[in-house]
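Numbering (the numbering used here), first residue to last: 40 to 732.
Even glycine gets a Cβ: it sits at the ideal position worked out from N, Cα and C.
Just below is one structure, and these are the notes that go with it.
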């Protein structure tokens, strides 16, 4: 089983012993996120035969994707944290490398500097304590740490009522001895206080990013640990005997214990699951360049798979804070099904998001008291969604409520019809999605025409063909039919164990093979120890080696995979220059400029048993089950449209647009002059009619 707790729905994917997969959804429960997990388990239990005891005792693997860490940061509801740092560096997390006003903000806000501001501080200066200690860049102790001074600092923070203490000292990533001694002193006298060490979280150069990681880790630790214990405890009391695994931002799962100790690794676990699943399914379908596009209830998340590999970055940004935490490179905007549409009273301009109606009250059509129009309300009015069959009929939608919200907040203020208001919302959100895909592809040196667009999430298959038209993408792939609506949960269920180990060590040309191997040997030893503690057998361990390379004098680097540690420096340069040309264009590389390695990364993988994505049987040609009026921008009007039952559209089928394929948990649109086919593994492939097959 894999669970993804999103902002609007909690998704569950169940894979049985025969490899059959089922999807289950239940509304998220923001007041008690663990309750949403148990709610969706009860939905699955009710669908599947057998007693409750049998249902839970048969669970062989349970993996959880969670938004608790993210929600804790953005809502400022974390633990009371104190910080111990080196003398003279107390203001470092306030300075934020001078980019705290704009880090992670959209370009429209960055360009309007007057509306930007730094985020509210997590730690007031009164809870930041400096110590007169110093380790230099080589790891040598310049000023020894004095236990009495450290104990006085700890006592001051304890008196201030802290629940968690972050420790981040200068150059601790080279020599962590002082940080480790402070941790030991805290544990001796105050074992209930959570301790977060910068050197344990990251061994990279970058004082601010490492300290921010330690602070955020300590800030979210109490809530994450409490949540994980509640879920795992509830599973155990229901008869689940397998240990719960937790999805991490870098694209793998880890144990509950490790996730509780390093909760920042769960910051972007849900979106990471979608990219993991995209890689697996698209590889089986023969695609190696993929735009992963997830439309959920709150956000639109985009990641890239280039030449068969997801892009991983060492830094994450949350609430305008930059921190070291390896994560799959995913960019998000507030453009989901719950994104609220509104008219600016001054400019009279229609906007969509980033504010969201969330799970409660949700869109107006949910009938839970939501008064504001959302993207989902517009989709319903335009005919893309059936109000009766939503979630298999368990959650009927109120079209009249959607029309009222649109009339009150958009159509009325603009003096237009309800239908035109819905069209405006639909057009704006699709344009925002297309813009984000361009940002992730074109601005990074990739041509979207060379990529297949893998569209998933509850509304991903509905919107994808419309913004894909603007991008001229190769094709739109809806992965595994209905599974696409809970695709991140599918990725959570299928993910391997993964740990990322890094070091900031600089080596300049000419590279000595022994020096490179020595660094990786140290990282590999760490990795084996970690995987051993996770219970991963030696035969199921894999290691991938990477170096971060740049021209001497540049600030940014490119990540080069080292497939064989026996390769020479010339081969490393050749691989770097090839990546450089791909990123910045022909002629960008400079043969005479020296290069340097500035970082080492090891991805340690623990392989888990999982079911293969296999061939599906060829089915008969499907017949429409109904027809209804649907608005198609290509026609500029409502058109009588054939409606198909999605589960009846099998491998070998081909449907010409306009058409709609309905599943209980998602809707696939096939616009006019588009067609939809089903490949051998059950993916639906949408292309413009007349394009190459």
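Simplified DSSP assignment, three categories, for residue i
| i | result |
| --- | --- |
| residue 673 | coil |
| residue 559 | helix |
| residue 492 | strand |
| residue 66 | strand |
| residue 704 | coil |
| residue 187 | helix |
| residue 56 | coil |
| residue 541 | strand |
| residue 266 | helix |
| residue 349 | strand |
| residue 550 | coil |
| residue 47 | coil |
| residue 714 | strand |
| residue 229 | coil |
| residue 213 | coil |
| residue 365 | strand |
| residue 252 | helix |
| residue 581 | strand |
| residue 42 | strand |
| residue 732 | Annotation note: pLDDT 46 at residue 732 (below 50); position unreliable, coordinate value reported separately. Coil, per DSSP. |
| residue 695 | strand |
| residue 515 | strand |
| residue 503 | helix |
| residue 725 | strand |
| residue 565 | helix |
| residue 81 | helix |
| residue 688 | coil |
| residue 421 | coil |
| residue 202 | coil |
Closest Cα partner of residue i within the set the options
| i | options | result |
| --- | --- | --- |
| residue 309 | 301, 483, 280 and 341 | 341 |
| residue 489 | 498, 507 and 495 | 507 |
| residue 715 | 504, 637, 569 and 589 | 504 |
| residue 129 | 499, 375, 208 and 334 | 208 |
| residue 736 | 83, 282 and 467 | Any property of residue 736 remains undetermined from this structure, which presents the chain solely from 40 to 732. |
| residue 125 | 345, 205 and 603 | 205 |
| residue 416 | 522, 46, 498 and 639 | 498 |
| residue 413 | 371, 370, 321 and 457 | 457 |
| residue 195 | 235, 210, 523 and 167 | 167 |
| residue 54 | 528, 626 and 563 | 528 |
| residue 667 | 249, 306, 411 and 683 | 683 |
| residue 674 | 702, 646 and 712 | 712 |
| residue 469 | 500, 451, 454 and 444 | 500 |
| residue 707 | 523, 111 and 224 | 523 |
| residue 25 | 446, 304 and 240 | Past the boundaries of the shown model lies residue 25; the chain is included only from 40 to 732, so the question cannot be answered. |
| residue 686 | 696, 586 and 664 | 664 |
| residue 222 | 248, 627 and 190 | 190 |
| residue 394 | 435, 373 and 421 | 373 |
| residue 332 | 435, 492, 347 and 387 | 492 |
| residue 462 | 672, 396 and 581 | 672 |
Beta carbon of residue i nearer than 8 Å to that of residue j
| i | j | result |
| --- | --- | --- |
| residue 44 | residue 105 | yes |
| residue 476 | residue 330 | yes |
| residue 85 | residue 49 | no |
| residue 99 | residue 281 | yes |
| residue 290 | residue 316 | no |
| residue 431 | residue 721 | no |
| residue 288 | residue 355 | yes |
| residue 588 | residue 594 | no |
| residue 599 | residue 615 | yes |
| residue 294 | residue 47 | no |
| residue 102 | residue 651 | no |
| residue 701 | residue 437 | no |
| residue 314 | residue 367 | yes |
Problem - Any alpha helix (DSSP H) of 4 or more consecutive residues that is wholly inside the segment 95 to 183 - result: Counting only unbroken stretches of 4 or more residues, the alpha helix (DSSP H) elements lying wholly within the segment 95 to 183 are 107 to 113, 131 to 134 and 146 to 149, in sequence order.
Problem - Touching by the beta-carbon criterion (3+ pairs, under 8 Å), the segment 348 to 355 and the segment 514 to 531 - result: Segments in contact, no.
Problem - Any beta strand (DSSP E) of 3 or more consecutive residues that is wholly inside the segment 588 to 655 - result: Fully contained in the segment 588 to 655 are the following beta strand (DSSP E) runs of length 3 or more, in chain order: 597 to 601 and 634 to 645.
Exercise for the section: Output the residue ranges of the alpha helix (DSSP H) runs that lie fully inside the segment 275 to 345 and measure 4 residues or longer, sorted by chain position. Expected result: Contiguous alpha helix (DSSP H) elements confined to the segment 275 to 345 occur at 295 to 300 and 308 to 324, taking only those with 4 or more residues.
Practice task
With a floor of 3 residues, list each beta strand (DSSP E) that falls wholly inside the segment 367 to 414, ordered by position along the chain.
Solution key: Counting only runs of 3 or more, we get 369 to 372, 378 to 382 and 389 to 395.
Problem - Every unbroken alpha helix (DSSP H) inside the segment 425 to 498 [4 residues or more] - result: The segment 425 to 498 is shown to contain whole alpha helix (DSSP H) runs of 4 or more residues at 438 to 445 and 457 to 480, in chain order.
Handout entry: Inter-stretch contact at 8 Å, needing at least 3 Cβ pairs: the segment 684 to 704 / the segment 638 to 657
Key = Yes: at least three Cβ pairs fall under 8 Å.
Exercise for the section: Could you say if the segment 216 to 231 and the segment 184 to 198 meet the contact criterion of at least three C-beta pairs nearer than 8 Å? Expected result: They touch, by the three-pair rule.
Practice task
Tell me, please, whether the segment 134 to 141 touches the segment 320 to 338 by the rule of three or more beta-carbon pairs shorter than 8 Å.
Solution key: Touching, no, given that fewer than three Cβ pairs across the two stretches are closer than 8 Å.
Handout entry: Validate contact between the segment 295 to 306 and the segment 262 to 276 using beta carbons, cut 8 Å, 3 pairs
Key = The segment 295 to 306 is in contact with the segment 262 to 276.
Problem - the segment 568 to 586 contacting the segment 631 to 650, beta-carbon criterion three pairs below 8 Å - result: Under the three-pair Cβ rule at 8 Å, the segment 568 to 586 counts as touching the segment 631 to 650.
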